[in-house]
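Read the structure below first, then the notes.
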Amino acid sequence: MAVVAVFVATAFIGFALSPLSGMSLVVCLLLGAIVATTDPVAVVAIFRDIGAPARLGRIVEGESLLNDAAAIVLFVILLDILTGEQSLTAGQGALAFLRSFAGGVIVGTLLARLAVSLLPVMRDLPLAQVTLSLALPYATYVLSDQFADVSAVVAVVCAGTVFNLYGPARIQPESWQFLHSVWEQISFWAASLIFLLSAILIPRFVEGFTPIDIVLLLVVILAALAARAVVIFGLLPFLTTFGVGQEVNDRFKIVMLWGGMRGAVTLTLALSVSEHGLLSDEISGFITKLATGFVLFTLLVYGTSLKPLIRFLGLDRLNTRDEALRSQFLALALSDVRQEVETAARDYHISPRVTAQVLKDYEERAAGAAAETNKLEELKDWDRVRIGLIALADREQQLVLEHFHEKTISGRSVSRFLTLTGRTGDLTRSEGRSGYNKAVRQPLKFGLGFRIAQMLQRRLRIALPLAIRLADRFEFLLVYRILADELIDFNNLRIRPLLGDRVADILQDTLSIRQDETIQAIDALRLQYPDYADALETQFLRKTGVRLEETAFDDAKHKMLIGTELHRDLLRDVERTRKACHTRPKLDLGLKTRELVSAHPLFADLPRKQQKAIRRMMRPQFATPGECLIRRGDRGDAAYFIASGAVEVRARTHDIRLGRGDVFGEIALMTGGRRSADVYALGYCHLLSLRAQDFRALMDQHQDLRDHVAALAQNRQLMNADQDSFDMEDPVVSVFGPRADDISGHSAKHIAETGDREDSKAESHYPEAESPADAAGDADPGVGETGLDTDSAEAEEEAAATAEDGKPAESSDEPEGTEAEGAEPEEASPDAEEIDEPGPKTSEETASG
């Protein structure tokens, strides 16, 4: 919006002045670009002085950042056209602006990220960090202007924004506060110096002011005000309607309109015009007089009337919610303070007579505040819930910084957490409880980066990005769960006394749902990678132990129990321990084709030579919870062998759950038809995919495997079909031609026995009390933000009902070590386990199932 506002203001002022001033359109547009910049210094100072809402100050400051940068880029282009250094058409000018602006954004971002990455190297040297932050804008300006040929101002603005965004996550909070304080002082000096120099030059700028100049100045004032009104009351609601920006109320808009004061940047650009040797005195005088006059008008008129306007609109007073919350909080705080004062008086043996006088004052203030707490009860429930959720969002951001300060959260995670908590607070303020739920569930989904990493693994067999993404997700979820636990405690200890039991119970339910969804996401990963989950939790505990050691040593030094030399020696030991426990363990995805083929029950008993031939055909594939692996109606291009995990086949009338050792997707390959069902991953799965031509070659080479898969496919096709009609248009045997007799020779008894095994097989892959649904983290891709089922009671009842009827059956036609496809899971029996999985089942197989 700020960039568009610059163009609108430039156009309004330029086209309004051109017919009246006698100057060319380019000169008038140049003046419009100069006065299009806004200066938030004076406005924000007024906001702070009268207690205006913090959001209003953020809006004005945020507008000024890109507003100034865009105006300066436009100023440079118009100045070059005016002086004849460039000859550009309107289209070429627009392209030049985009190239200069976008190039500045890219250069500034890259240099700022480089500077941020260097901050941890200077962890214990705050002065060095300040020096780096001072060198960044100068280096950015020189590189952008002299080498990259892009807008140096935009690059510097972008570098500062990126540095401010990622910097707090790379250094300690106290170091960042020190750096921030230094820059506030520098900013104050710079603004003061510019205004001081401008005050010296203003008399020369306005010398020779004529009545016609006054008329032109009024035109500039009206055109600038009209342009600003069009943007604020026209463009801003348009962006809000399409969800691009948050809604701004009308009172804020009025203050923004009247608070568009000009200052340092406008005067600096006017000064550069007056000193430009290629511009005539007439043009220089025209621009400097009107620009300076406009700055003086905004400061003297807007500046002096802005404070009364804010008071008139009531923006200096607390709103109803804050007023009610203030009374309740003040009553609780004064009561606590009174108890602390009474305890201190007793501990320090202060006379009861003196103590009584002080306590009486607190009692009266607390009673007065308590008398006004009925205002909180007058608020609607959703208002009080929103207050509580905002408090939770702000508290979570503080918890993230505390964990980072205590070094229990890594630097690569804290940036993501800070971004998440900021978005949570924004959505909560704008949308209430629904916005909070939307924000906290978003990180449980699989983002674009994860999908790209998954595609690289599937298409190019590059597994490293996927392993890194999965390890990042593991680490994030563990910390996310810890934050949810701490927020539940905060709700009970702090929010409940403030907002009451009813609101606190609603917040408790919201946090409990968030916690349950997070735990389900963790359990789904833990089932597939239990050892890695243990390693991460061990690392977190070690980090906590190191932090407690450091705290104990610092406390001992603060209490003068140990000297400086001993304290430094102890901290050196702590630092060595910290470095050892801060290296994140590597995650092995377990996608090695050799291991997956050797462990699959269908191939486990084959000779090594045949396994090696099969491995050449197979492609390992990693699936995430809720991912659609096969879609009904698509052409069959591959079959999938489940090495670990569980999937759900969704037919038209019922669902079938398959686990380790099963095959799916083979029906379309054997019939030549289209897919007859959807298949979704219930949890994290390791699959072996086999392309259509390789599948047919494998079936031709292995008679027993071919017979077994054909029988499964024919039975599955019956199960996938409508229960009222079992006629198949594409019989399974048609594709195999010459070997149709082999398959048709199977007796009806064999098909029936195979069908019986479909009912009992799925549970037989798992130990008792662990069904495929359990192994998949009780997942249901159709429910929840993560694809994880939050209520598996119906599935458990159905599995229990199936367990009463189904009996494991053994077919003499099946080769040893192979498994039939499963239907609904039921109770496993020892015999079924011996049939389906020869030999003892390892703990790793149990977990990965």
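For what it's worth, my numbering labels the leading residue of the sequence shown as 5, then goes sequentially. Idealized CB from N, CA, C, for every residue including glycine.
Between the region 411-428 and the region 363-372, do at least 3 Cβ pairs fall closer than 8 Å? no
Distance between residue 672 and residue 618 (C-alpha atoms, nearest Å): If you number the sequence shown from 1, residue 618 lands on position 614. If you number the sequence shown from 1, residue 672 lands on position 668. Roughly 21 Å separates the two Cα atoms.
Contact check, residue 282 vs residue 425, beta carbons under 7 Å: Reading the sequence shown from its first residue, position 278 is the one you call residue 282. Reading the sequence shown from its first residue, position 421 is the one you call residue 425. Cβ distance not < 7 Å, so residue 282 and residue 425 don't count as in contact.
Going by the DSSP bridge assignment, what does residue 695 pair with across the sheet? Counting from one through the sequence shown, the residue named residue 695 turns up at place 691. Answer is 642, bridged to residue 695.
Leaving out five residues before and five after residue 261 in sequence, what residues of the same chain have Cβ atoms less than 7 Å from its Cβ? If you number the sequence shown from 1, residue 261 lands on position 257. The residues are 232, 233, 236.
Helix, strand or coil for residue 653, going by three-state DSSP, please let me know. Numbered from its first residue, the sequence shown carries residue 653 at position 649. Strand at residue 653.
Run through DSSP, which three-state label would residue 353 get? Within the sequence shown, numbered from 1, the residue matching residue 353 stands at position 349. Residue 353 falls in the coil class under three-state DSSP.
Helix, strand or coil at residue 28 according to DSSP, with G and I counted as helix: Counting from one through the sequence shown, the residue named residue 28 turns up at place 24. If DSSP states are grouped into helix, strand and coil, residue 28 belongs with coil.
Going by the DSSP bridge assignment, what does residue 667 pair with across the sheet? As a first step, residue 667 is located in the sequence shown; it is residue number 663 there, counting from the start. The partner list for residue 667 (beta bridge, DSSP) reads 645.
Grouping DSSP H, G and I as helix and E and B as strand, with all else coil, what is residue 633? Here residue 633 refers to the residue found at position 629 when the sequence shown is read from its first residue. If DSSP states are grouped into helix, strand and coil, residue 633 belongs with the strands.
Would you mind stating whether residue 627 and residue 685 have Cβ atoms separated by less than 7 Å? Counted from its first residue, the sequence shown places residue 627 at position 623. Counted from its first residue, the sequence shown places residue 685 at position 681. Going by C-beta atoms, residue 627 is nearer than 7 Å to residue 685.
Span of the alpha helix (DSSP H) holding residue 237? Along the sequence shown, one-based indexing puts residue 237 at 233. Neither: residue 237 is in no alpha helix (DSSP H) and is coded neither H nor E.
Identify, in the order they occur along the chain, each residue of the same chain with its Cβ nearer than 6 Å to the Cβ of residue 593, setting aside the five sequence neighbours on each side. Residue 593 sits at position 589 when you count from the first residue of the sequence shown. 467, 471.
Exposure of residue 216, with buried meaning 16 or more beta-carbon neighbours within 10 Å: The residue given as residue 216 occupies position 212 in the sequence shown. Label assigned to residue 216: exposed.
For residue 389, I'd like the list of residues in its chain whose CB is within less than 8 Å of its CB, leaving aside the five on either flank, ordered along the chain. To locate residue 389, count along the sequence shown from 1; it is residue 385. So the qualifying residues of the chain are 436, 437, 507, 510, 511.
In angstroms with no decimal places, state the Cα-to-Cα distance between residue 443 and residue 583. The residue labelled residue 443 in the question sits at position 439 within the sequence shown. The residue labelled residue 583 in the question sits at position 579 within the sequence shown. Rounded to the nearest angstrom, the two C-alpha atoms are 34 Å apart.
For residue 7, three-class secondary structure by DSSP: Counted from its first residue, the sequence shown places residue 7 at position 3. Here residue 7 sits in helix by DSSP.
Check the C-beta distance from residue 713 over to residue 653 and give it rounded, since I have them as a contact under 8 Å. Translated into the one-based positions of the sequence shown, residue 713 becomes position 709. Translated into the one-based positions of the sequence shown, residue 653 becomes position 649. Contact doesn't hold; Cβ gap of about 15 Å is too wide.
For the putative contact between residue 270 and residue 587, defined by C-beta atoms under 8 Å, what is the C-beta separation to the nearest angstrom? As a first step, residue 270 is located in the sequence shown; it is residue number 266 there, counting from the start. As a first step, residue 587 is located in the sequence shown; it is residue number 583 there, counting from the start. Not really, about 53 Å apart at Cβ, beyond 8 Å.
Within the continuous alpha helix (DSSP H) that includes residue 142, where are the two ends? Start at 1 with the first residue of the sequence shown, and residue 142 comes out as number 138. Looking at the DSSP string, the run of the alpha helix (DSSP H) that includes residue 142 is 130-146.
Starting from residue 23, follow its DSSP beta bridges and name the residues at the other end. Taking the first residue of the sequence shown as 1, we reach residue 23 at position 19. In DSSP, residue 23 forms no bridge with anything.
Out of 24, 178, 26, 12, state which residue places its alpha-carbon closest to the alpha-carbon of residue 36. The residue labelled residue 36 in the question sits at position 32 within the sequence shown. Nearest of 24, 178, 26, 12 to residue 36, Cα basis: 12.
Please specify which runs of the alpha helix (DSSP H), each continuous and at least 4 residues long, are wholly inside the region 80-122, giving them in chain order. 94-122
Measure the alpha-carbon distance for residue 665 versus residue 148 and round it to whole angstroms. As a working note, residue 665 is residue 661 in the sequence shown. As a working note, residue 148 is residue 144 in the sequence shown. Computed Cα separation, rounded: 59 Å.
Since residue 77 and residue 158 should fall inside the 8 Å C-beta cutoff, what is the C-beta to C-beta distance between them, to a whole number of angstroms? Counting from one through the sequence shown, the residue named residue 77 turns up at place 73. Counting from one through the sequence shown, the residue named residue 158 turns up at place 154. Sure, about 6 Å apart at Cβ, within 8 Å.
Just to confirm the assignment: which complete alpha helix (DSSP H) runs, minimum length 4, are found wholly within the region 463-505? 468-494, 500-503
Bridge partner(s) assigned by DSSP for residue 446: Position 442 of the sequence shown, counting from 1, holds the residue named residue 446. According to DSSP, residue 446 bridges with nothing at all.
Does at least one heavy atom of the ligand MN sit under 6 Å from the Cβ of residue 584? The model on display carries no ligand, and the ligand MN is accordingly not part of it.
CB contact flag (residue 600, residue 692, <7 Å): Position 596 of the sequence shown, counting from 1, holds the residue named residue 600. Position 688 of the sequence shown, counting from 1, holds the residue named residue 692. Taking 7 Å as the Cβ cut-off, residue 600 and residue 692 qualify as a contacting pair.
Alpha-carbon to alpha-carbon, residue 101 and residue 4: Residue 4 falls outside the range modelled here, since the chain spans only 5 to 853, and no answer is possible.
Pick from 171, 392, 145 that is closest to residue 505, judged by C-alpha positions: Position 501 of the sequence shown, counted from the start, is the residue given in the question as residue 505. Ranking 171, 392, 145 by Cα distance to residue 505 puts 392 first.
Near residue 293, which residues of its chain fall below 7 Å by C-beta distance, leaving aside the five closest residues on each side in sequence? For the purposes of this step, residue 293 is identified with residue 289 of the sequence shown, where counting begins at 1. Same-chain partners within the cutoff: 209, 210, 213, 217.
Suppose only complete runs of 4+ residues qualify. What are the alpha helix (DSSP H) ranges in the region 382-454, listed by chain order? 385-409, 415-435, 437-445
Can you name the residues that DSSP bridges to residue 124? In the sequence shown, residue 124 corresponds to position 120, counting from 1. Paired residue(s): none; residue 124 is not in a bridge.
Residue environment, residue 242, which counts as buried when at least 16 other CB atoms sit within 10 Å: The count along the sequence shown starts at 1 and reaches residue 242 at position 238. With fewer than 16 Cβ atoms within 10 Å of its Cβ, residue 242 is classed as exposed.
Go ahead and pull the three-state DSSP assignment for residue 578. The count along the sequence shown starts at 1 and reaches residue 578 at position 574. In this structure, residue 578 counts as helix in the three-state DSSP scheme.
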